[in-house]
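For the protein sequence lines, the chains are A and B, in the order given.
Take the first sequence: its position 175, counting from 1, is numbered 175 in my numbering, and each next residue is one higher.
One gets my numbering by counting positions in the second sequence from 1 and adding 1000 to each.
All residues carry an ideal CB built from backbone N, CA and C; glycine is no exception.
One structure below.
There are 2 protein chains.
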Amino acid sequence: MSGGSTPIRLLLADDQALVRGALAALLSLEEDLTVVAEVGRGDEVVPEARRRSPDVALLDVEMPGLDGIAATAALRAALPTCRVLVVTTFGRPGYLRRAMEAGASGFVVKDTPARQLADAVRRVHAGLRVVDPTLAAETLAAGVSPLTERETEVLRTARGGGSAADLARALHLSEGTVRNHLSAAIGKTGARNRADAIRVAEQNGWLLGE
Amino acid sequence: MSGGSTPIRLLLADDQALVRGALAALLSLEEDLTVVAEVGRGDEVVPEARRRSPDVALLDVEMPGLDGIAATAALRAALPTCRVLVVTTFGRPGYLRRAMEAGASGFVVKDTPARQLADAVRRVHAGLRVVDPTLAAETLAAGVSPLTERETEVLRTARGGGSAADLARALHLSEGTVRNHLSAAIGKTGARNRADAIRVAEQNGWLLGE
DNA sequence: GGTGGCCCCTGACAAATGTCACGGTCGGGG
DNA sequence: CCCCGACCGTGACATTTGTCAGGGGCCACC
Chain A
1 MSGGSTPIRL LLADDQALVR GALAALLSLE EDLTVVAEVG RGDEVVPEAR RRSPDVALLD
61 VEMPGLDGIA ATAALRAALP TCRVLVVTTF GRPGYLRRAM EAGASGFVVK DTPARQLADA
121 VRRVHAGLRV VDPTLAAETL AAGVSPLTER ETEVLRTARG GGSAADLARA LHLSEGTVRN
181 HLSAAIGKTG ARNRADAIRV AEQNGWLLGE
Chain B
1001 MSGGSTPIRL LLADDQALVR GALAALLSLE EDLTVVAEVG RGDEVVPEAR RRSPDVALLD
1061 VEMPGLDGIA ATAALRAALP TCRVLVVTTF GRPGYLRRAM EAGASGFVVK DTPARQLADA
1121 VRRVHAGLRV VDPTLAAETL AAGVSPLTER ETEVLRTARG GGSAADLARA LHLSEGTVRN
1181 HLSAAIGKTG ARNRADAIRV AEQNGWLLGE
């Protein structure tokens, strides 16, 4: 494929240096691909992309500074010609939706065989969309988050652990209100605990930043 | 180094196919290393190692079937000549201790630069021990788990979420006993919640399977 | 034989949690 | 306009949770 013309320029973003380097090694084996930049934080994606102007960016979702979804949106805004392929550990149904809404061209789970990654990159670069089919089905099934904005916020804050009173102080709400939102969230998630509700919401990717 | 003699034979175990393949690509760049086996589950490590008889095994801690620590012990028992290098995502202080106790020769976090991995493999193969220095310090600081056997068991079961009554049924205990164990665990971990205690214990690697 | 640790249970208590019914504000859409 | 839904708050209530003071059994160690 791709007969000898200029190779596809790649930017890699992953917080784990070892994985980042390994992915670079893997992709560098392909003649039509070249890794021109590597970053370990979400907020370094756009600055580095400006410097190196890659064709495709591979972004992890879990990153310090700025998560991969937010980084996707920022990158699409800054360099519209650069395509984004999100590569993530967890197949949280909501992640896929959020990534696509943020302007990603592809979404790959780290479970997929290594061979397919290069192809995914090429497809994305060609303007096609790449999506894990089973994950797409799950996304449809899980649907959009049933949680209201405040409920997500309360649940997100509750993740750190702490009493309802603590949450109330942190969010400038009354303790009763916090408990009400939590109760609503528990009902909507089908959970029976506060902790349970957090787990469910997290699994479905309903707790992503903003 | 290693002037042209037979290369070091490696087995890779990681549940994420992409990472596994990428690591294989990374390590295959080194002339004195060759990847002879790849598995995605902990319980496949020993059978595959028997077939391919690698010199060094790189094992992830988080794996289905059998976690990396248990796989380490099993592998050491089955093939004593095969050294083990544990490669993990999380630098849980307790993981390092458990891995060393299980007979691992090295312990590397996925945050470390990709360049150092090949050297770590060579050192391990040479009979040396490889340990992340900062992590070693943390391990010393965190110390051994203060939790009693039953306390860990209860806490581990409580991870799934559920009321004290549920746990009592699952563990064939009285509900009061469960609450007592939980209370003790909460006290020892310095937490203020049940959920908090679980987080702390998990972070320190105190909840690993037997 | 005594002591101490871990285990299991009981019962009781204060605190936190989850639920409900209720009232009020605000904005958008029929 | 008026209604609905999201949002904030109150107060009250049953349940759950975390804590404490006990009791007894077992085992290891001095």
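Flagged as an interface residue toward chain A: Thr1112 of chain B, by a C-beta distance shorter than 8 Å. Secondary structure of Arg1083 of chain B (DSSP, three-state): strand. By the Cβ neighbour-count rule, Asp1055 of chain B is buried, with 16 or more other Cβ atoms within 10 Å of its own. Below the 8 Å Cβ cutoff, chain A contributes Lys110, Asp111, Thr112, Pro113 and Ala114 as neighbours of Ala1017 of chain B, in chain order.
Bridge partners of Leu1010 of chain B according to DSSP: B:Val1035 and B:Val1056. For the options A:Gly187, A:Gly161 and A:Val178, the alpha carbon positioned closest to that of Ile1198 of chain B is the one of A:Gly161. For Arg1199 of chain B, the neighbours in chain A by C-beta distance under 8 Å run, in chain order, Gly161. Shown here, Gly1091 of chain B sits in coil according to DSSP, grouped into three states, outside any helix or strand. Contact of Asn204 of chain A with chain B is not assigned, every C-beta pair being separated by 8 Å or more. Taking 9 Å as the cut-off between beta carbons, the residues of the segment 1024 to 1054 of chain B near chain A are Ala1024, Ala1025, Leu1026, Leu1027, Ser1028, Leu1029 and Gly1040, in sequence order. Annotation: the segment 93 to 166 of chain A contains the following complete segments of the alpha helix (DSSP H) (minimum length 4 residues), in chain order: 93 to 102, 115 to 125, 133 to 142 and 149 to 158. By the Cβ criterion, the segment 175 to 186 of chain A is not in contact with the segment 114 to 121 of chain A, since fewer than three pairs of Cβ atoms, one from each stretch, lie closer than 8 Å.
Here Ala191 of chain A carries a coil assignment [DSSP, helix/strand/coil]. Contact annotation for Ala1195 of chain B against chain A: Gly161 and Ala195 [CB-CB distance below 7 Å, chain order]. By the criterion of at least three beta-carbon pairs nearer than 8 Å, the segment 1032 to 1047 of chain B is in contact with the segment 1055 to 1066 of chain B. In its chain, beyond the 5 residues on either side, Ile1069, Thr1072, Val1086 and Phe1107 have a beta carbon closer than 7 Å to the beta carbon of Ala1099 of chain B. A distance below 7 Å between beta-carbons, with the five flanking residues on each side excluded, links Val1035 of chain B to the following residues of its chain, in chain order: Leu1010, Leu1012, Ala1024, Leu1027 and Ser1028. For the segment 1121 to 1140 of chain B, no residue has a beta-carbon sitting nearer than 9 Å to a beta-carbon of chain A.
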